[in-house]
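All residue numbers for the sequence shown refer to my numbering, where the first residue is 170 and numbers rise by one.
All C-beta atoms in this analysis are idealised placements derived from N, C-alpha and C, irrespective of residue type, glycine included.
Please read all numbers here as calculations on a predicted model, not as lab measurements.
Have a look at the structure below before the remarks.
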Amino acid sequence: MYYAVCEATTDAQLKQFYVKELQRLLGSNEKDVATSLLMFTQGLEEFDDYLDLLDWFQQLLEQAELTEHVQLASFHPQYQFEGVAADDLSHFTNRSPYPTIHLLRQDQMTKVLAHVLDPQKIYMDNIETLNKLGRRQVEALCPWGT
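Now the structure itself:
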């Protein structure tokens, strides 16, 4: 796994960083760089701003016809699933200390999920674990997401 930290603050710099890291992933042997975590330390504190940039990132993948090669997983300190109550613990499955985009190689995901009978169960098990822990413990473990 490759980690890249972005300290850029302008829209153009953020997009340039993403393109550079996308090229790094696709230009690397998957044994050397299987996936990449892109962490944004400034400028994306607001969840809506982050979602706008994430949308641009996804559109770029689609326009470049790269969706069969790369998928995005997204994380943010204030992550909130649409249509889910704001205080639901499920949001913590996608919360992180910094806004983060995980670039995943699609072929690796396909191989991994081929051995999983019900991929949705992974997500549901994570939510069940959070609910068993309870709000107090989850918030203590993940103070950035409160």
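Are the stretch 296 to 310 and the stretch 225 to 237 in contact at 8 Å, needing three or more beta carbon pairs?
With a cut-off of 8 Å, the stretch 225 to 237 and the stretch 296 to 310 do not count as touching, because too few Cβ pairs lie within range.
Cβ neighbour criterion (16 or more within 10 Å) applied to P146
Not covered by the structure: residue 146. The range shown for the chain is 170 to 315.
M293 - DSSP class collapsed to helix/strand/coil
helix
Among the candidates L213, H238 and L194, whose CA atom is the shortest distance from the CA of T204?
Among L213, H238 and L194, the Cα nearest to that of T204 belongs to L194.
Run through DSSP, which three-state label would L220 get?
If DSSP states are grouped into helix, strand and coil, L220 belongs with the helices.
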